[in-house]
Amino acid sequence: MAPIKKSKKAIESINSRLALVIKSGKYMLGLRQTLKCLRAGKAKLVIIANNTPSLRKSEIEYYAMLAKTGVHHYSGNNIELGTACGKYFRVCSLAIT
């Protein structure tokens with residue numbers, strides 16, 4: 002079974018909400034900071050790029066399950082997630098606090 006493609010409108014909606022989160026400043030970028038946020042119980046939502054290595058992805062999902070935090074799998078790769086965050090570098094994972 003192939004994954005269901007999201008419409009362009011849904012992707013734009015996620016990107017606009019992501020821009021709002023970045024503007025508010027309540028986020029942590031990167032694997033180490035995301036895991037630190039999850040362990041502390043501060044994260045409300047975790048966003049993971051679709052080309053994140055499977056071991057990292059499962060580690061983040063495990064900590065999120067323990068912290069009872071939601072996980073959103075971003076439909077784009079880490080370059081697109083970084084661009085959506087307004088950064089000029091790749092972002093594999095992002096925790097919204």
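Numbering-wise (my numbering), the sequence shown opens with residue 2 and increments by one.
All residues carry an ideal CB built from backbone N, CA and C; glycine is no exception.
Remember, it's a predicted structure, so these values are computed and weren't measured experimentally.
Next item on the list: Please specify which runs of the alpha helix (DSSP H), each continuous and at least 4 residues long, are wholly inside the region 24-52, giving them in chain order.
Entry: 32-41
Check: Are the beta-carbon atoms of N79 and A50 separated by less than 8 Å?
Finding: In the sequence shown, residue 79 corresponds to position 78, counting from 1. In the sequence shown, residue 50 corresponds to position 49, counting from 1. Yes, they are a contact pair.
Item checked: Where the alpha helix (DSSP H) containing G83 begins and where it ends -> Translated into the one-based positions of the sequence shown, residue 83 becomes position 82. Taken as a continuous stretch (DSSP letters only), the alpha helix (DSSP H) holding G83 covers 79-85.
Check: Residues in its own chain within less than 6 Å of I48 by CB, not counting five upstream and five downstream?
Finding: Residue mapping note: residue 48 aligns to position 47 of the sequence shown, counting from 1. Closer than 6 Å at Cβ, skipping near neighbours: H73, Y75, L95.
Next item on the list: Measure the beta-carbon distance from R40 to Y64 and round it to whole angstroms, keeping in mind my assumption that it falls under 8 Å.
Entry: Along the sequence shown, read from residue 1 onward, the residue named residue 40 stands at position 39. Along the sequence shown, read from residue 1 onward, the residue named residue 64 stands at position 63. Confirmed, Cβ separation roughly 7 Å.
Check: Would M66 be called buried (16 or more neighbouring beta carbons within 10 Å of its own) or exposed?
Finding: Within the sequence shown, the letter at position 65 stands for residue 66. M66 comes out exposed.
Margin query: Here's a check: name, in chain order, each residue in its chain whose Cβ is nearer than 8 Å to the Cβ of V92, leaving out the five neighbours to either side.
Written below: Translated into positions along the sequence shown, residue 92 becomes position 91. The answer, listed in chain order, is L30, G31, A50, N79, L82, G83, C86.
Next item on the list: Find the nearest neighbour of L46 within the set Y89, S8, I61, judged by alpha-carbon distance.
Entry: Position 45 of the sequence shown, counting from 1, holds the residue named residue 46. Taking only the C-alpha atoms, the option nearest L46 is I61.
Note to self: My assumption, with CB atoms under 8 Å, is that A68 sits in contact with G42. Please give the rounded CB distance.
What the structure shows: As a first step, residue 68 is located in the sequence shown; it is residue number 67 there, counting from the start. As a first step, residue 42 is located in the sequence shown; it is residue number 41 there, counting from the start. Between G42 and A68 the Cβ distance is about 5 Å, and since that is below 8 Å, they are a contact.
Check: Alpha carbon to alpha carbon, what distance is there between K24 and K58?
Finding: As a working mapping, residue 58 is identified with position 57 in the sequence shown. As a working mapping, residue 24 is identified with position 23 in the sequence shown. Answer to the nearest angstrom: the Cα atoms are 26 Å apart.
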